[in-house]
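Convert by adding 17 to the 1-based position in the sequence shown; the result is the number in our numbering.
The C-beta atom is built at its ideal place from N, Cα and C for all residues, glycine as well.
Data first, discussion second: the structure below is written as structure tokens.
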Amino acid sequence: MSVSENLKELHSSLPEGVTLVAVSKTKPNAMIEEAYAAGQRVFGENKVQDLLAKQPELPDDIQWHFIGHIQTNKVKFLAPFISMLHGVDSLKLLKEINKHGARHNRKINCLLQFHIAAEETKFGLSYLEAAAILQTLQDEPLPFVSIVGVMGMGTFTDDIIQLRREFRTLHEIFIKLKTTFFENDERFKEISMGMSGDYHIAIEEGSTMIRIGTTIFGERNK
Ligand SMILES: *Cc1c(COP(=O)(O)O)cnc(C)c1O
């Protein structure tokens, strides 16, 4: 099936209120343009260099989400245009984002990334680490950062029970942070979880934002 057919099918199965991030990493601009022509506006990339090569070549109203781990020294390249950063997992990074947000007079949307998978290698915070960061921010706010929710990746597994447990954990973290730190902040509302292999479960567990590559664009070359 074509990119536009894949998108149409995906959209028809998504509940209202779930944002689809089309993960275009490693895919050529022609495929992104095809998705754009089919109405898709939110795209995700996970390599700064690739995103910087694509962004100027593609329509201005694309909302680019950075879904990878961000190095502090790369924030300055994304700050002028990025619509959301999904992989934020330290106070140091938040301060850097704030600094470059200020330079461009933009408030930059960030999701705190949590470690919910069984695998050791994946990045992300624990609840207590996040709570410590947010406690610090109450005393020294970062005016050019908007923390708009949480993000997590499930374990690479077919075990549906395990995935469901991991996504449920992220949803519980979201609720705890919401009630403790963001009770009166309507911007804090996103739970970014679910990829091609597990988005059905993620949606059942409360995802508001799924990040889908393979189902739209086909397999990536390794
Ligand atoms: C690549 C990637 C995705 C999309 O994965 P698919 O399995 O192709 O849908 C989602 N989230 C992150 C963080 C990724 O790196």
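### Message
Classify Met170: buried if its beta carbon has 16 or more other beta carbons within 10 angstroms, exposed otherwise.
### Response
Indexing the sequence shown from 1 puts residue 170 at position 153. The residue is buried, with at least 16 neighbouring Cβ atoms inside 10 Å.
### Task
Could you tell me the distance, in whole angstroms, from the CA atom of Val167 to the CA atom of Lys193?
Residue mapping note: residue 167 aligns to position 150 of the sequence shown, counting from 1. Residue mapping note: residue 193 aligns to position 176 of the sequence shown, counting from 1. So the alpha carbons of these two residues sit roughly 11 angstroms apart.
### Query
In this structure, does DSSP put Glu203 in helix, strand or coil?
Position 186 of the sequence shown holds residue 203. Glu203: coil per DSSP, three-state reduction.
#### Entry: Pair within 7 angstroms by beta-carbon distance, Leu102 and Phe83
Residue numbering aside, residue 102 sits at position 85 when the sequence shown is read from its first letter. Residue numbering aside, residue 83 sits at position 66 when the sequence shown is read from its first letter. Contact: yes.
### Message
Which of the three DSSP states is assigned to Ser107 in this structure?
### Response
For the purposes of this step, residue 107 is taken as the residue at position 90 of the sequence shown. Three-state DSSP puts Ser107 in coil, outside helix and strand.
### Task
Compute the beta-carbon to beta-carbon distance between Gly61 and Val38, rounded to the nearest angstrom, for a pair I have assumed lies under 8 angstroms.
Taking the first residue of the sequence shown as 1, we reach residue 61 at position 44. Taking the first residue of the sequence shown as 1, we reach residue 38 at position 21. Confirmed, about 4 angstroms.
### Message
Measuring only from the beta carbon, is Ser213 closer than 6 angstroms to any heavy atom that is part of ligand 1?
### Response
Here the question's residue 213 lines up with position 196 in the sequence shown. Checking the Cβ of Ser213 against ligand 1 gives yes.
### Uninterrupted alpha helix (DSSP H) stretches inside the stretch 70 to 143 (no shorter than 4 residues)
92 to 95, 108 to 120
### Message
Judging by CA-CA distance, which residue of Met48, Ile133, Thr89, Ala52 is the nearest neighbour of His28?
### Response
The residue given as residue 28 occupies position 11 in the sequence shown. Minimum Cα distance to His28 is reached at Ala52.
### Task
May I ask you to report which of helix, strand or coil DSSP gives Phe173?
As a working note, residue 173 is residue 156 in the sequence shown. In this structure, Phe173 counts as coil in the three-state DSSP scheme.
### Query
Cβ-heavy atom distance between Thr231 and ligand 1 below 6 angstroms?
Here the question's residue 231 lines up with position 214 in the sequence shown. It does: the Cβ of Thr231 is within 6 angstroms (strictly closer) of some heavy atom of ligand 1.
#### Entry: Span separating the alpha-carbon of Ile233 from that of Asp156
The residue you call residue 233 lines up with position 216 of the sequence shown. The residue you call residue 156 lines up with position 139 of the sequence shown. Taking the straight line from one Cα to the other gives about 43 angstroms.
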